[in-house]
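**Student:**
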């Protein structure tokens, strides 16, 4: 899911959350990973909070789930002004109202490190994993589209070597794709647009992609 302002990326994020909504009553845990833009973080960190608040109410942090990944430390400073997770929260409050949250942010981490955390929290139908990331940043419209199409092709091919210039949340993407190869998941590109398609100028655009990953029955 992308994480820009709602007028820019909201419709693209909504296209993916719409796939979740029919199953939302089954989901009791959401693992959410986003990039730490403002504070450099090696690996993943949690906010060190028991609840996260939005104008729609509060989400409870799943402390039992965090106990499954004890090596991941809390870093409230990294989360304090970070938008990559908070933009997703109102969507989750609407489509998964029963779910507790497992929130992580990070700047740099190897795919297998993020992937190991995801595998520890994988669960079954009760668990949803959400990766928060935009795609290319501040390119002219046509160039941004070309770069994003190439990135999307690599994501669909389960290539876990996406660079930060291609997707700011690449550590979460690569970690999930590392797991996806091991579990032979299927990836679907749901939507690909940019700020030039929604509410921004086409001189410099930010790309947004929405993907769904499925376990093969």
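Numbering (our numbering), first residue to last: -11 to 205.
A virtual CB, placed ideally from N, CA and C, is assigned to each residue, including glycine.
Keep in mind the model is a prediction, meaning the values are calculated, not measured.
Tell me the DSSP secondary structure of residue 42 in three-state form.
**Tutor:** The count along the chain shown starts at 1 and reaches residue 42 at position 54. Residue state, collapsed to three classes: strand.
**Student:** Three or more C-beta pairs under 8 Å: does that hold for the segment 45 to 56 against the segment 97 to 104?
**Tutor:** no
**Student:** For residue 118, which residues from the same chain have a beta carbon less than 8 Å from its beta carbon, with the 5 sequence-adjacent residues on both sides left out?
**Tutor:** Counting from 1 along the chain shown, the entry for residue 118 is found at position 130. Excluding residues within five positions, the ones whose Cβ falls inside 8 Å are -11, 18, 19, 20, 21, 76 and 80.
**Student:** With a 10 Å radius around its C-beta and 16 neighbouring C-beta atoms as the bar for buried, classify residue 157 as buried or exposed.
**Tutor:** As a first step, residue 157 is located in the chain shown; it is residue number 169 there, counting from the start. With a 10 Å radius around the Cβ and a threshold of 16 neighbouring Cβ atoms, residue 157 comes out buried.
**Student:** Within this structure, are the beta carbons of residue 178 and residue 7 separated by less than 8 Å?
**Tutor:** By one-based count along the chain shown, residue 178 stands at place 190. By one-based count along the chain shown, residue 7 stands at place 19. Their beta carbons are under 8 Å apart, which means residue 178 touches residue 7 by this criterion.
**Student:** Note the first and the last residue of the continuous alpha helix (DSSP H) segment covering residue 192.
**Tutor:** Counting from 1 along the chain shown, the entry for residue 192 is found at position 204. Segment: none, residue 192 is in no alpha helix (DSSP H) and carries neither H nor E.
**Student:** Is it the case that the Cβ atoms of residue 161 and residue 155 are separated by a distance below 8 Å?
**Tutor:** As a first step, residue 161 is located in the chain shown; it is residue number 173 there, counting from the start. As a first step, residue 155 is located in the chain shown; it is residue number 167 there, counting from the start. Closer than 8 Å, so yes.
**Student:** Output yes or no for whether 8 Å exceeds the beta carbon distance between residue 127 and residue 173.
**Tutor:** Residue 127 sits at position 139 when you count from the first residue of the chain shown. Residue 173 sits at position 185 when you count from the first residue of the chain shown. No, Cβ-Cβ distance for residue 127 and residue 173 is not below 8 Å.
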